[in-house]
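Note that the UniProt record's numbering gives residue 59 to position 59 of the sequence shown, counting from 1, and the numbers run on in steps of one.
For glycine and all other residues, C-beta sits at the position ideal for the given N, C-alpha and C.
The model shown is predicted, which means the values in this text are computed figures rather than measured ones.
Worksheet: one structure, shown below.
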Amino acid sequence: RGVTDIPKEKLEPRANGTLCLNGMSWLPCYGDLRSVIMHESRKSKYSIHTGSKKMYQDMKKLYWWPNMKADIATYISKCLTCAKVKVEHQRPSGLLVQPTIPEWKWDNIMMDFIIKLPKSSQSFDTIWVIVNRLAKSAHFLPIRKNDPLDMEYLFQSSVIMMGGSHQIFGNHFRKLWVAPYEALYGQKCRSPVCAAKVGEAQLTGPKMIQETTEKIVLIKQSIQAAQDRQKSYADLKRKPIEFEVWDRVMLKVSPWKGVVRFGKRGKLNPRYVGPFMVLAKVGNVAYRLELPQELSRVHHTFHVYNLKKCYADEPLAMPLEGIHVVDKLQFMEEPIEIIECEIKRLKRSRIPLVKVRWNSRRGPEFN
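Below, the structure is given as structure tokens:
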């Protein structure tokens, strides 16, 4: 990379000893001169954090060097401020991973609770929904909100006594091609008008087991086909991504509900915090991070959707010492004093406005 990359007759000398190309200053690969120019054009007090295209369009009017556009893109990818604040218009990370198919009925279940219902005559105010993941049959059990012992007894009597285990998973319904009753009991549901006639052949034990096994195989094949179809559709809008142990990644904070993001509002809210170190890979699409003591109440395992690789070498710009996590896993910042008060006068109303200073170790925070 240098003068040998372009014809010598295209470079024109100036009075100050520099070379120019079509009116643009040519910067040789000498020391960190190019990095200094990019730093001044992006991080000085008279500039803003633009994207790579805008920065290249502005700089090429004054400077030029070989592979200038690629160098600017690499430089911007290492900006920690942009990595935290700017939104990414990219496909979500992580391919769809489907849960394993149960081997038998009631081996795996999923459950949910319908709460805050009016109390019944027996003081039941909650419905416990237990669904067999293989046959898709559901049990609706009335319970009370604060009865853990009764819940354990109901679980044993309704699931384990029916020949199932207590492995619990959550999953979406899929088409079985048979009715849930038929998948669960091995025969079609009969109403009183379809009662068995005299002399009709009845299923014996071995024959019933054989037919049930055949139906289970058919159900598993149908679930597998549905999973493959769902994965093919979902992966079209996702991108695969993997991290290595000891990689530095940024953690997304926007999925946390009710979060107060460091006293900032609107587009200035940091979308990511970090960087943090990757300690281990958990499963296919999750990673365990090394979180600081300030985030000890936050679970340390995250899906790759909430992570992105950090290329910045500069130190952490937003110290985590100023972050406080309450019991509901929300970040808190407390007001210190009221700086200014005024009343906004409308035609028929008056709106009081207050300017408050918040506690922050990064400097004064007002809103």
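Here the alpha carbon of V97 sits roughly 17 angstroms from the alpha carbon of L307. S137 carries a coil assignment under DSSP once its states are collapsed to helix, strand and coil. Residue state for R357 is assigned as strand, using DSSP reduced to three classes. Listed as beta-bridge partners of D125 by DSSP are no residues whatsoever. For H303, DSSP records a beta bridge to A286. Contact check between the segment 289-304 and the segment 336-348: fewer than three CB pairs, one atom from each, fall below 8 angstroms, which does not count as touching. The C-beta distance from R144 to S121 rounds to 13 angstroms, too long to fall under 8 angstroms, and the pair is not in contact.
In the three-state DSSP reduction, C341 falls in the strand class (E or B).
Straight-line measurement puts the Cα of E214 at about 16 angstroms from the Cα of I101. A contact is defined here as three or more CB-CB pairs under 8 angstroms, and the segment 228-237 fails this definition with respect to the segment 271-282.
V249 and I76 have their C-alpha atoms some 16 angstroms from each other. Of the residues assessed, Y272 falls on the buried side of the cut-off, its CB having 16 or more other CB atoms within 10 angstroms. Distance check between V285 and each of K220, V304, T74 and Q293 places V304 closest, using alpha-carbon atoms only. Residue pairing by DSSP places I336 in no beta bridge whatsoever. In the structure shown, the three-state DSSP call for L251 is strand. Contact check for S35 and D58: beta-carbon distance about 17 angstroms, past the 8 angstroms limit, so the pair fails to qualify. Taking C-beta separations shorter than 8 angstroms and ignoring five residues to either side along the sequence, the partners of G283 in its chain run V97, following chain order.
If the five residues before and after K119 are omitted, its C-beta is found closer than 7 angstroms to the C-beta atoms of D125, all from its own chain and listed in chain order.
For D71, the uninterrupted alpha helix (DSSP H) run begins and ends at M68 to S77, by DSSP. Here R133 really is in contact with N108; their C-beta atoms are around 5 angstroms apart, less than 8 angstroms.
In the three-state DSSP reduction, F243 falls in the coil class, being neither helix nor strand.
Comparing alpha-carbon positions, the option among I223, N146 and Q293 lying closest to W104 turns out to be I223. By the criterion of a C-beta distance shorter than 8 angstroms, K231 is surrounded in its chain by L95, L96 and Q98, once the five residues flanking it on both sides are discounted. A straight line joining the alpha-carbon of V245 with that of A280 spans about 6 angstroms.
I130 is bridged by DSSP to M111 and H139.
Under the DSSP definition of a beta bridge, M277 partners with R248 and E290. Residue state for R350 is assigned as strand, using DSSP reduced to three classes. Per DSSP, V298 lies in no alpha helix (DSSP H) and is assigned neither H nor E.
The C-alpha of P66 lies about 23 angstroms from the C-alpha of H49.
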